[in-house]
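S.K.: Count along the sequence shown starting at 1, add 120, and that's the number in our numbering.
Built from N, CA and C at the ideal position, the CB exists for glycine as well.
Note that the structure is a prediction, hence the values are computed from the model and not measured.
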Amino acid sequence: MRRLTALDTVRARIDLAVELGLLSPGERLPSNAAIAEALDVGEITVRRALSSLCEDGVLERRRGRNGGTLVAEHPARGTVDAAEVYRAQTAEVHHLIDERVVVECGIAHLAVRGATPAALAELDRLVEAMDRAESWAEFHSCDERFHLAVARATGLDSTMDTYGAVLRRLYAYFLPYPLAALRDSNDEHRALVEAVRAGDAAGAADIARRHVETLHRTMFVGLTG
Numbered sequence: 121m122r123r124l125t126a127l128d129t130v131r132a133r134i135d136l137a138v139e140l141g142l143l144s145p146g147e148r149l150p151s152n153a154a155i156a157e158a159l160d161v162g163e164i165t166v167r168r169a170l171s172s173l174c175e176d177g178v179l180e181r182r183r184g185r186n187g188g189t190l191v192a193e194h195p196a197r198g199t200v201d202a203a204e205v206y207r208a209q210t211a212e213v214h215h216l217i218d219e220r221v222v223v224e225c226g227i228a229h230l231a232v233r234g235a236t237p238a239a240l241a242e243l244d245r246l247v248e249a250m251d252r253a254e255s256w257a258e259f260h261s262c263d264e265r266f267h268l269a270v271a272r273a274t275g276l277d278s279t280m281d282t283y284g285a286v287l288r289r290l291y292a293y294f295l296p297y298p299l300a301a302l303r304d305s306n307d308e309h310r311a312l313v314e315a316v317r318a319g320d321a322a323g324a325a326d327i328a329r330r331h332v333e334t335l336h337r338t339m340f341v342g343l344t345g
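1) Count the other CB atoms, across all protein chains shown, that sit within 10 Å of the CB of S171; report buried if there are 16 or more and exposed otherwise.
2) If we require 3 or more residues per run, which beta strand (DSSP E) segments fall completely within the region 144 to 205?
3) Touch check for the region 289 to 297 and the region 198 to 214: three-plus C-beta pairs under 8 Å?
4) Identify whether D354 lies in helix, strand or coil by the three-state DSSP scheme.
5) Using a Cβ-Cβ cutoff of less than 6 Å, which residues in the same chain neighbour I155 once the five nearest sequence positions on both sides are dropped?
6) Report back the beta-carbon spacing between P298 and L142 to the nearest angstrom; my notes put them in contact at under 8 Å.
7) Out of T189, G177 and A208, which one is the CA nearest neighbour of R197?
8) L190 to G234, Cα distance in whole Å?
9) Considering only C-alpha positions, which residue in the set V138, E264 and L230 is nearest to L246?
10) Leaving out the 5 sequence neighbours to the left and right, which residues in its chain are closer than 6 Å to L149 when beta-carbon positions are compared?
11) Using the rule of at least 16 other Cβ atoms within 10 Å of the residue's Cβ for burial, across every protein chain shown, is R183 buried or exposed?
12) Taking all protein chains shown into account, decide if V200 is buried (16 or more other Cβ within 10 angstroms of its Cβ) or exposed.
13) Check whether the region 215 to 231 and the region 317 to 326 are in contact - that is, three or more C-beta pairs closer than 8 Å.
14) Going by beta-carbon coordinates alone, are L243 and A269 separated by less than 8 Å?
15) Considering only the beta carbon of each residue, do A205 and L124 sit closer than 8 Å?
16) May I ask which residues mark the beginning and end of the alpha helix (DSSP H) holding L127?
17) Answer with buried or exposed for P195, where buried requires no fewer than 16 other C-beta atoms within 10 angstroms of its C-beta.
18) Suppose you measure from the CA of D304 to the CA of E147; what does that come to, to the nearest Å?
Below, the structure is given as structure tokens:
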């Protein structure tokens with residue numbers, strides 16, 4: 121991806137989510153702290169990005185008890201040039217998804233052999249946390265920790281560097297998503313944990329494959345046509 125500032129990456133990702141209908145008119149955004157953690161940037165960067173998106177007409181600020189930063193009722197289109205940088209990376213994103221499929225299947229298979237009771241308990245805790253998540257930002261942060269925990273469950277420290285690098289490169293293209301859709305994906309997390317607990321290496325690998333392959337359709341590269 122062409123080098124963008126942290127500010128522009130936040131602007132682009134939220135703008136694309138609004139344009140694709142992943143964030144709906146009138147929808148309230150999570151706290152700056154939650155967005156910062158989910159998008160791996162600083163809170164000041166988030167604050168500046170949201171302020172500029174309000175100026176662009178994509179978002180709006182409301183005062184009072186029910187106020188905050190919300191998607192504009194009639195959001196402006198085509199005002200964020202950085203969004204085009206993301207759109208231009210379709211081939212790269214599909215490549216990263218395929219790369220993650222390969223690594224994720226291997227990790228799921230090996231986790232069956234290496235997972236300890238403590239590792240399984242941590243995975244259960246993260247699945248439950250995603251069930252309780254109140255925003256896409258909170259869910260995404262738990263999702264990242266979950267997948268890294270699966271890699272850690274293999275007991276092979278070297279997998280963390282390899283898998284972490286693949287995950288970070290793909291997560292750089294993460295957009296906000298409707299919480300209902302994210303919760304549906306958590307059913308696959310739960311099934312993966314159960315397969316690992318049952319010692320079903322082939323089943324765990326197949327769940328991991330389907331979980332990642334669907335990103336070809338559900339990430340923005342599958343929604344922009």
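M.R.: Walking through what the data contain:
1) By the 10 Å Cβ count, S171 comes out exposed.
2) 179 to 182 and 188 to 191
3) yes
4) Since the displayed the chain opens at 121 and closes at 345, residue 354 lies outside it and no answer follows.
5) V166 and A257
6) 6 Å
7) That would be G177, whose Cα lies nearest to the Cα of R197.
8) 45 Å
9) E264
10) Once the five neighbours on either side are set aside, the close Cβ partners of L149 are T189.
11) exposed
12) Buried: at least 16 other Cβ atoms inside 10 Å.
13) yes
14) Yes, the pair counts as a contact, with Cβ atoms nearer than the cut-off.
15) Residue identity check: residue 205 is Val in the sequence provided, not Ala. Yes, the pair counts as a contact, with Cβ atoms nearer than the cut-off.
16) A126 to E139
17) By the neighbour-count definition (other C-beta atoms within 10 Å, threshold 16), P195 is a buried residue.
18) 20 Å
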